[in-house]
Amino acid sequence: MRPLPARRYELADWKHAKVNIDYCVCYDDRLYSVPYTLVGARVEIRATASVVELFHDSVRVASHARSYGRKGSAVIVDEHRPRAHRDYGKWPPERVVAWAETIGPNVGELARAVMRHRTHPETGYRTCLGVIRLADKYGRERVDAACARALRIGSPTAKSVTAILRNGLDRAPLVEPPPRGALQQLAVARADGTYANALAGLAKVAVLVLDDFLLAPMTDVERRDLLEVLEDRYDRSSTVTTSQIPTKSWHQAIGEASIADAICNRVVHNARLVTLRGGSMRQKKAVAPEVTETKT
936 MRPLPARRYE LADWKHAKVN IDYCVCYDDR LYSVPYTLVG ARVEIRATAS
986 VVELFHDSVR VASHARSYGR KGSAVIVDEH RPRAHRDYGK WPPERVVAWA
1036 ETIGPNVGEL ARAVMRHRTH PETGYRTCLG VIRLADKYGR ERVDAACARA
1086 LRIGSPTAKS VTAILRNGLD RAPLVEPPPR GALQQLAVAR ADGTYANALA
1136 GLAKVAVLVL DDFLLAPMTD VERRDLLEVL EDRYDRSSTV TTSQIPTKSW
1186 HQAIGEASIA DAICNRVVHN ARLVTLRGGS MRQKKAVAPE VTETKT
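When we follow our numbering, the leftmost residue of the sequence shown carries the number 936, and every step to the right adds one.
What follows is the structure, encoded as structure tokens:
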């Protein structure tokens, strides 16, 4: 028998793609950079389990370790980026913002927010262009109103703007929302299409306080939302729960035995329990009302 090859065979996937104005191509929902001079060119992608290679006119122009990070994340080589502002060519960030502002001031502000939170502003171009194109379907006024709402709820993404438009929430009055608890925030986020972002935001909070826990009966949706929050935070962040109900009664108060088991397993069985006894501090610190006597 012949000896095995020195290198193990790797199954490769080939695709054709066009280089976007952010000098990246998309493969498996992740972005990979090529030299910015190839913006608009057609390239070939060769992807294996470990590497993503890009070819232009049969010449390899870039090679990246394959990314398995979050969808939409970008793998960019500094040498592929423009060396100076003038090298952005026809697409500097200011032009993208100016184009967005032709739709409406809130669209321009959303474009700024998108690129302000990127390590490389160019990786936000796709989101900005996606929002701009929505004006062809929904009209400029609606897209601008949807961007205003997306900015207000802290979710400046094309997905959020699209969900707001699809559900007609851009036509609802834009008022300053009152402070909400975690579960109320998730209920609102589910309605306007930003549930995943809201859930991710709660997972990142260093210390989450669930005050007056189980003071009111939980709905089925609230039970499931709470389980999602606790699952994301388990062994990663701190959660403080205050309740007037003894922990031994939580299972029954939560309801839905299987979900109650999962919630209690994450909250009760790996926690430090502090029991407060005695009268209410509010009553002890309350100022006695003045009594005024009047003679008749």
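From the three backbone atoms N, C-alpha and C, an ideal C-beta is built for every residue, glycine too.
Bear in mind that the values here come from a model prediction, so they are computed numbers and not experimental data.
If we ignore side chains and look at the alpha-carbon of each, how far apart do K1245 and T983 end up? Any question about residue 1245 goes unanswered here, given that the chain covers just 936 to 1231.
Practice problem: Note down the Cα distance separating M936 from D948, rounded to an integer number of angstroms. | Solution: For the purposes of this step, residue 936 is taken as residue 1 along the sequence shown, with counting starting at 1. For the purposes of this step, residue 948 is taken as residue 13 along the sequence shown, with counting starting at 1. Taking the straight line joining both Cα atoms gives about 30 Å.
Check your understanding: Got a sec, what are the start and stop residues for the alpha helix (DSSP H) I980 sits in?
Key -> As a position in the sequence shown, residue 980 is number 45, starting the count at 1. Premise fails: I980 lies in the beta strand (DSSP E), 977-982, not in any alpha helix (DSSP H).
| Residue range of the alpha helix (DSSP H) that K1006 falls in? | Residue mapping note: residue 1006 aligns to position 71 of the sequence shown, counting from 1. K1006 -> no alpha helix (DSSP H), and no H or E assigned at all.
- Return the CA-CA distance between E945 and P970, expressed in angstroms with no decimal places. Working through the sequence shown from its first residue, we reach residue 945 at position 10. Working through the sequence shown from its first residue, we reach residue 970 at position 35. Distance between the alpha carbons of E945 and P970 is about 26 Å.
Task: Selection from A1085, T1177, V1156 that minimises the alpha carbon distance to L1118 - done: To locate residue 1118, count along the sequence shown from 1; it is residue 183. Taking only the C-alpha atoms, the option nearest L1118 is V1156.
- request: List the residues that DSSP assigns as beta-bridge partners of F990.
  value: Your numbering for residue 990 matches position 55 in the sequence shown. E979, R995.
| query | According to DSSP, what are the bridge partners of W949? | reply | By one-based count along the sequence shown, residue 949 stands at place 14. W949 is bridged by DSSP to R981.
Give the secondary structure of V1164 by DSSP, where H, G and I count as helix, E and B as strand, and everything else as coil.
-> Taking the first residue of the sequence shown as position 1, residue 1164 is located at position 229. In the displayed model, V1164 falls within a helix according to three-state DSSP.
Among residues of its own chain, excluding the 5 on either side of V1049, which ones have a beta-carbon nearer than 7 Å to its beta-carbon? In the sequence shown, the residue the question calls residue 1049 occupies position 114. Same-chain partners within the cutoff: G1059, T1062, C1063, P1091.
Option nearest G1004 by Cα separation, candidates L973, Y967, A1151, G1065
For the purposes of this step, residue 1004 is taken as the residue at position 69 of the sequence shown. Ranking L973, Y967, A1151, G1065 by Cα distance to G1004 puts Y967 first.
Among the residues of its own chain, which have a CB less than 8 Å from the CB of D1079, if the five just before and after it don't count? One-based indexing of the sequence shown puts residue 1079 at position 144. So the list reads I1038, G1039, P1040, N1041, V1042, once near-sequence residues are dropped.
L1145 (DSSP reduced to helix, strand or coil): Walking along the sequence shown from the start, residue 1145 turns up at place 210. Here L1145 sits in strand by DSSP.
To the nearest angstrom, how far is the alpha carbon of I1011 from that of H999? Along the sequence shown, one-based indexing puts residue 1011 at 76. Along the sequence shown, one-based indexing puts residue 999 at 64. Rounded to the nearest angstrom, the two C-alpha atoms are 9 Å apart.
query: Are the beta-carbon atoms of R1051 and K1006 separated by less than 8 Å?
result: Numbered from 1 along the sequence shown, position 116 holds the residue referred to as residue 1051. Numbered from 1 along the sequence shown, position 71 holds the residue referred to as residue 1006. Against a cut-off of 8 Å, the Cβ pair of K1006 and R1051 comes out as no contact.
Task: Inter-stretch contact at 8 Å, needing at least 3 Cβ pairs: the region 983-998 / the region 1091-1105 - done: no
Notebook entry, point to check: Candidates R1001, Y958, N1132, V960: which alpha carbon is nearest L1086's?
Noted result: Taking the first residue of the sequence shown as position 1, residue 1086 is located at position 151. Comparing Cα positions, the closest option is N1132.
- When the Cα atoms are used, what is the spatial distance from N1205 to P1152? As a first step, residue 1205 is located in the sequence shown; it is residue number 270 there, counting from the start. As a first step, residue 1152 is located in the sequence shown; it is residue number 217 there, counting from the start. Roughly 24 Å separates the two Cα atoms.
Report task. Determine, using beta carbons only, whether D1105 and R1084 come nearer to each other than 8 Å. Result -> Residue numbering aside, residue 1105 sits at position 170 when the sequence shown is read from its first letter. Residue numbering aside, residue 1084 sits at position 149 when the sequence shown is read from its first letter. The answer is yes: Cβ separation under 8 Å.
Taking K1174 as the reference, which of E1057, V1144, D1013 has the closest Cα?
Working through the sequence shown from its first residue, we reach residue 1174 at position 239. Lys is not the amino acid found at residue 1174; the sequence shown has Thr there. Considering only alpha carbons, the answer is V1144.
- Length of the line joining the Cα atoms of Q1179 and A1188: Within the sequence shown, residue 1179 is the residue found at index 244, counting from 1. Within the sequence shown, residue 1188 is the residue found at index 253, counting from 1. Straight-line Cα distance between these residues: approximately 12 Å.
message: In the DSSP output, which residue or residues are listed as bridge partners for C961?
response: As a working note, residue 961 is residue 26 in the sequence shown. Note: C961 sits in a beta bridge opposite L966.
Inset, instruction - Could you please give me the residues that DSSP links to T1176 through a beta bridge? - result: Translated into the one-based positions of the sequence shown, residue 1176 becomes position 241. T1176 is bridged to L1145.
Can you tell me whether L1208 is buried or exposed? The criterion is at least 16 other CB atoms within 10 Å of its CB, across all chains shown. Reading the sequence shown from its first residue, position 273 is the one you call residue 1208. Counting Cβ neighbours within 10 Å, L1208 comes out exposed, since fewer than 16 surround it.
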